[in-house]
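**Q** Below are the structure tokens for one structure; questions will follow.
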Amino acid sequence: MEMPAPDAAILSRKDKIIARLAKELPADALIHDPAETRAYECDALTAYRCPPLAVVLPASTAEVSAVLRICHEERVPVVPRGAGTSLAGGALPTADSVILGVARMNDVLETDYANRFIRVQTGRTNLSVTGAVEEEGFFYAPDPSSQLACAIAGNIAMNSGGAHCLKYGVTTNNLLGATVVLMDGSVVELGGAHLDAGGLDLLGVICGSEGQLGVVTEATLRILRQPEGARPLLMGFSSNEVAGACVSDIIKAGLLPVAIEFMDRPCIRACEDFAHAGYPDVEALLIVEVEGSAAEIDEQLGLIKQIAATHNPDELRESGSAEESALIWKGRKSAFGAMGQINDYICLDGTIPVSELPRVLKGIGDLSKAYGLGVANVFHAGDGNMHPLILFDANAPGELEKAEALGADILTLCVEAGGCLTGEHGVGVEKRDLMAAQYAPEDMEAQMRVKDVFDPDWLLNPAKVFPLETSASRRPAMAAE
Numbered sequence: 001m002e003m004p005a006p007d008a009a010i011l012s013r014k015d016k017i018i019a020r021l022a023k024e025l026p027a028d029a030l031i032h033d034p035a036e037t038r039a040y041e042c043d044a045l046t047a048y049r050c051p052p053l054a055v056v057l058p059a060s061t062a063e064v065s066a067v068l069r070i071c072h073e074e075r076v077p078v079v080p081r082g083a084g085t086s087l088a089g090g091a092l093p094t095a096d097s098v099i100l101g102v103a104r105m106n107d108v109l110e111t112d113y114a115n116r117f118i119r120v121q122t123g124r125t126n127l128s129v130t131g132a133v134e135e136e137g138f139f140y141a142p143d144p145s146s147q148l149a150c151a152i153a154g155n156i157a158m159n160s161g162g163a164h165c166l167k168y169g170v171t172t173n174n175l176l177g178a179t180v181v182l183m184d185g186s187v188v189e190l191g192g193a194h195l196d197a198g199g200l201d202l203l204g205v206i207c208g209s210e211g212q213l214g215v216v217t218e219a220t221l222r223i224l225r226q227p228e229g230a231r232p233l234l235m236g237f238s239s240n241e242v243a244g245a246c247v248s249d250i251i252k253a254g255l256l257p258v259a260i261e262f263m264d265r266p267c268i269r270a271c272e273d274f275a276h277a278g279y280p281d282v283e284a285l286l287i288v289e290v291e292g293s294a295a296e297i298d299e300q301l302g303l304i305k306q307i308a309a310t311h312n313p314d315e316l317r318e319s320g321s322a323e324e325s326a327l328i329w330k331g332r333k334s335a336f337g338a339m340g341q342i343n344d345y346i347c348l349d350g351t352i353p354v355s356e357l358p359r360v361l362k363g364i365g366d367l368s369k370a371y372g373l374g375v376a377n378v379f380h381a382g383d384g385n386m387h388p389l390i391l392f393d394a395n396a397p398g399e400l401e402k403a404e405a406l407g408a409d410i411l412t413l414c415v416e417a418g419g420c421l422t423g424e425h426g427v428g429v430e431k432r433d434l435m436a437a438q439y440a441p442e443d444m445e446a447q448m449r450v451k452d453v454f455d456p457d458w459l460l461n462p463a464k465v466f467p468l469e470t471s472a473s474r475r476p477a478m479a480a481e
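As structure tokens, then:
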């Protein structure tokens, strides 16, 4: 007797999910071949990898809504992904999850120079936002080092900053509105083309939520007039601690440079070899940039030089041309890549009060010696957002684990100094087990109750931010990594 062909009811769970997604998306927007999904098995934190069940690449808010509605009905976890530049494992999949990438959503939707905003799809890269408005004399202020590649979606998820955040703020200070798709597929509009929308600050809740609450598909961003002029100053010092004390004194004096960036000797040499920026041969280097008219720049730099002189700098040198300024910033922006050419490393981003820079830099040096692992420092000194790079050999057994232990001690040091675990990279999987170092159980419970409201089934970006044992009761079937 001939058996009837199997119907949809007995298809495997994966086949059913793929079949439903395929009805809503173009063929090239759905990837489920295991060989092809491996391209999405990790983000820039490459120490951890897990191929997803499938990858979807929608091109519109409507397609994102359809994907989330299906995954909600099928109880499939979804991991939002911008450009995959996260250094904290923020876009790391679980084996049962669908990666939702926004890379194809990169259009400019509206530009309003009179009211100083631009509305874009969030797959657009950070630098290309400025590229869309610079001919009219405007720019988008947040400028993370990965701005050539990173997407606005990820910037919003992690509340990214950048070198110029000291004066212009981070993403949350430049985000006016957002279109957000919730896990059940419903679409909500938050904020708009104006400052300080009335009611609850839900936009502030979404910005920095690491893809835990919804998928941001469109963003209204503040754009600013290009400054009349800008000039960086290089200041070289004999030690990290002295450079840190100089930063503290600049801020204490009430001065507001547009940027204060720090590099120590290992980073200086790597960046100089890569970019040939003309950096001095010193133990620690500050790049201090100010903006304004020529007279304003001269006055500000004069005051900053007076403060630097009290710390006996090895070198004080102003940029003499636009070309030299571009090289100085090329070197700084290339720091992570330049270090990656010569060593494996883990990049942290603990944030501390600026007044604590000398003590924490010394503490990092002491921990580095105790663990026998090198640490290179490059960071946004003006707002205390540190980026220690822990150097290790990924091929040597036990070295990764030792580097992670050193990283945990450095981040704990930042918290003990009155700071926090992350400034712009996010918690992701990298720091989730350290959350207890900063937050009491009651604090984490309050945060998880917010997620309960937006994503009751805990399907969005599983296994991130909160320690697994703390969040396990929220989603009993949470996938093991």
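Residues 1 to 481 (my numbering) are what the sequence shown spells out, left to right.
Even glycine gets a Cβ: it sits at the ideal position worked out from N, Cα and C.
Fair warning: this is a prediction, and the values are worked out from it, not measured in the lab.
Throw me the rounded Cβ distance for the L195 and L176 pair, which I believe falls under 8 Å.
**A** The residue labelled residue 195 in the question sits at position 195 within the sequence shown. The residue labelled residue 176 in the question sits at position 176 within the sequence shown. At roughly 7 Å, the Cβ-Cβ gap stays under 8 Å, so L195 and L176 are in contact.
**Q** Please confirm if the segment 91-104 is in contact with the segment 131-138, defined as three or more CB-CB distances below 8 Å between the two stretches.
**A** No, because fewer than three Cβ pairs between the segment 91-104 and the segment 131-138 fall closer than 8 Å, the two stretches do not touch.
**Q** So P313 and M235 are in contact, right, with Cβ under 8 Å, and what is the actual spacing, rounded?
**A** Residue numbering aside, residue 313 sits at position 313 when the sequence shown is read from its first letter. Residue numbering aside, residue 235 sits at position 235 when the sequence shown is read from its first letter. Going by Cβ atoms, the distance from P313 to M235 rounds to 5 Å, so yes, they are a contact pair.
**Q** Taking the Cβ atom as the reference point for each residue, do V415 and A463 lie within a distance shorter than 8 Å?
**A** To locate residue 415, count along the sequence shown from 1; it is residue 415. To locate residue 463, count along the sequence shown from 1; it is residue 463. Against a cut-off of 8 Å, the Cβ pair of A463 and V415 comes out as no contact.
**Q** Got a sec, what are the start and stop residues for the beta strand (DSSP E) P80 sits in?
**A** Numbered from 1 along the sequence shown, position 80 holds the residue referred to as residue 80. Start and end: V78 to R81.
**Q** Identify every run of the alpha helix (DSSP H) within the segment 125-208, keeping only runs that are complete inside it and at least 4 residues long; order them along the chain.
**A** Counting only runs of 4 or more, we get 126-133, 152-158, 165-168 and 202-206.
**Q** On the premise that F117 lies in contact with I223, defined as a C-beta separation below 8 Å, what is that separation, rounded to the nearest angstrom?
**A** In the sequence shown, the residue the question calls residue 223 occupies position 223. In the sequence shown, the residue the question calls residue 117 occupies position 117. Confirmed, Cβ separation roughly 6 Å.
**Q** Whose C-beta lies closer than 6 Å to the C-beta of P280 among residues of the same chain, with five residues either side of it excluded?
**A** Numbered from its first residue, the sequence shown carries residue 280 at position 280. Around P280: G236 and E315.
**Q** Closest to E111 by C-alpha separation, out of A309, V378, A219 and A153, would be which residue?
**A** Here residue 111 is taken as the residue at index 111 of the sequence shown, counted from 1. According to the sequence displayed, residue 111 carries Thr and not Glu. Out of A309, V378, A219 and A153, A219 has the C-alpha closest to the C-alpha of T111.
**Q** Tell me whether Y345 sits in a helix, a strand or coil according to DSSP, three-state version.
**A** Along the sequence shown, read from residue 1 onward, the residue named residue 345 stands at position 345. Y345 falls in the strand class under three-state DSSP.
**Q** Quick check on G418: does DSSP put it in helix, strand or coil?
**A** Walking along the sequence shown from the start, residue 418 turns up at place 418. Coil.
**Q** Helix, strand or coil for G101? Go by DSSP, reduced to three states.
**A** As a working mapping, residue 101 is identified with position 101 in the sequence shown. Here G101 sits in strand by DSSP.
**Q** List the DSSP bridge partners of L460.
**A** Here the question's residue 460 lines up with position 460 in the sequence shown. Partner(s): V78.
**Q** As an exercise, report each continuous beta strand (DSSP E) stretch of at least 3 residues that is fully enclosed by the segment 271-301, in chain order.
**A** Qualifying beta strand (DSSP E) stretches, in chain order: 284-291.
**Q** For P52, count the other beta carbons within 10 Å of its own beta carbon; 16 or more makes it buried, fewer makes it exposed. Which is it?
**A** Translated into positions along the sequence shown, residue 52 becomes position 52. P52 comes out buried.
**Q** For the structure I just gave you, are there three or more beta carbon pairs, one from the segment 264-277 and one from the segment 325-332, closer than 8 Å?
**A** Verdict: yes, contact present.
**Q** DSSP three-state label for M444, please.
**A** As a working mapping, residue 444 is identified with position 444 in the sequence shown. Correct three-state label for M444: helix.
**Q** Between F466 and the rest of its own chain, which residues show a CB-CB distance below 7 Å, the 5 nearest in sequence each way excluded?
**A** Against the sequence shown, residue 466 aligns to sequence position 466. Closer than 7 Å at Cβ, skipping near neighbours: R432, M435, M444 and M448.
**Q** Can you check which of these residues, V56, C50, A47 and K14, is closest to A27 by C-alpha distance?
**A** Against the sequence shown, residue 27 aligns to sequence position 27. Among V56, C50, A47 and K14, the Cα nearest to that of A27 is on V56.
**Q** Starting from V56, trace the beta strand (DSSP E) both ways and give me its first and last residue.
**A** In the sequence shown, residue 56 corresponds to position 56, counting from 1. Where V56 is concerned, the enclosing beta strand (DSSP E) stretches over A54 to V56.
**Q** Whose C-beta lies closer than 7 Å to the C-beta of D393 among residues of the same chain, with five residues either side of it excluded?
**A** Translated into the one-based positions of the sequence shown, residue 393 becomes position 393. Cβ neighbours of D393 beyond the five flanking positions: D344 and E399.
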